[in-house]
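Residue numbers (the working numbering): 2 to 196. Here's the structure we're looking at; comments come further down.
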Amino acid sequence: MEIEEAIILQRGMADGKVVLLGRTSGRVSGYLFAGTPLLGSVVRCRIVATRRWYRFEDVELIELPLCLARGDLLFLHHVLELCFSFVPEGSRAPELFDLVRVLYRQRTELLTTHCKKLFLCRLLMQIGLYDQLPGIGGSALARLLDTPVDMAAWGTIDLDCQRELDAWLLRCVASHPLVESFNTMHFLTGRRNRS
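Set out below in structure tokens:
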């Protein structure tokens with residue numbers, strides 16, 4: 002196989018198992034036996050199919066989302082968790098990979114709460130949860146979502162758009178059958194579970 006770029010979505014603690022979001026391979030689970038890069042790392046590697054699983058070879062660290070992690074670690078983990086949970090194994094998603102890379106390149110001072118929620122909306126739409134937001138045809142939110150992915154241009158949204166966006170995001174994420182096991186839902190709800 003060819004070498005490709007990928008983002009580490011999840012990693013096992015001791016067994017070397019990792020889940021990648023590859024630019025051309027999509028979401029792939031497999032094993033990395035020579036040290037595991039940190040969660041969220043962008044790596045370049047060769048993805049080799051064996052009879053029972055994938056093996057990741059010639060792994061080279063390309064980028065760590067340090068600015069994003071320093072600015073808002075919870076948001077970074079929320080994005081990675083949504084990609085891990087909603088992207089099916091083996092699905093090819095170069096646009097999704099590129100969207101997450103755009104996030105990695107943003108200046109953290111531009112990442113307001115509503116900017117992050119607009120990003121999540123784009124992310125979930127890219128994953129294919131819904132192809133459009135219900136009932137917002139000519140709204141300011143619809144116009145924002147039609148603009149190129151440039152978070153600096155997103156500016157501000159009014160209170161009605163914020164409420165509409167919050168409700169839609171919660172509905173989308175709540176549609177996952179394992180939503181109760183998500184570790185980062187408090188990014189959307191504003192409160193932590195006390196389990």
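Virtual Cβ for every residue (Gly too), placed ideally from N, Cα, C.
1) Using a Cβ-Cβ cut-off of 6 Å (strictly less than) and excluding sequence neighbours within five positions of residue 1, which residues of its own chain qualify?
2) Classify residue 29: buried if its beta carbon has 16 or more other beta carbons within 10 angstroms, exposed otherwise.
3) What is the DSSP secondary structure of residue 50, counted as helix, strand or coil?
4) Excluding five sequence neighbours on each side, which residues of the same chain lie with their C-beta closer than 8 Å to the C-beta of residue 6?
5) Is it true that the CB of residue 121 sits closer than 9 Å to the CB of residue 79?
6) What is the rounded straight-line gap between the Cα of residue 68 and the Cα of residue 27?
7) Check whether the Cβ atoms of residue 47 and residue 57 lie closer than 9 Å to each other.
8) Between 109, 96 and 104, which has its C-alpha nearest residue 200's C-alpha?
9) Identify whether residue 10 lies in helix, strand or coil by the three-state DSSP scheme.
10) Output yes or no for whether 9 Å exceeds the beta carbon distance between residue 86 and residue 177.
11) Identify whether residue 97 lies in helix, strand or coil by the three-state DSSP scheme.
12) For residue 169, is the classification buried or exposed, using 16 other Cβ atoms within 10 angstroms of its Cβ as the cut-off for buried?
13) By Cβ distance, which residues of its chain are closer than 7 Å to residue 185, with the 5 residues on each side in sequence left out?
14) If you draw a straight line from the alpha carbon of residue 167 to that of residue 130, how long is it in whole angstroms?
15) Given residue 49, which residues of its chain have a CB within under 8 Å of its CB, disregarding the five upstream and five downstream residues?
16) Run through the DSSP bridge pairs and tell me what residue 4 is partnered with.
17) How would you call residue 180, buried or exposed, if buried means at least 16 neighbouring beta carbons within 10 angstroms?
Let me lay it out:
1) An answer regarding residue 1 cannot be provided, because it is not within the stretch 2 to 196 covered by the chain.
2) Buried is the call here.
3) For residue 50, the secondary structure class from DSSP, reduced to helix, strand or coil, is strand.
4) 23, 24, 43, 44, 45, 63 and 98
5) yes
6) 25 Å
7) Contact flag set, yes.
8) With the chain covering 2 to 196 only, the question about residue 200 has no answer from this structure.
9) Strand.
10) yes
11) It is helical.
12) It counts as buried.
13) The answer, listed in chain order, is 75, 78, 79 and 82.
14) 15 Å
15) Answer for residue 49: 2, 55, 56, 57 and 58, listed in chain order.
16) Partner(s): 47.
17) exposed
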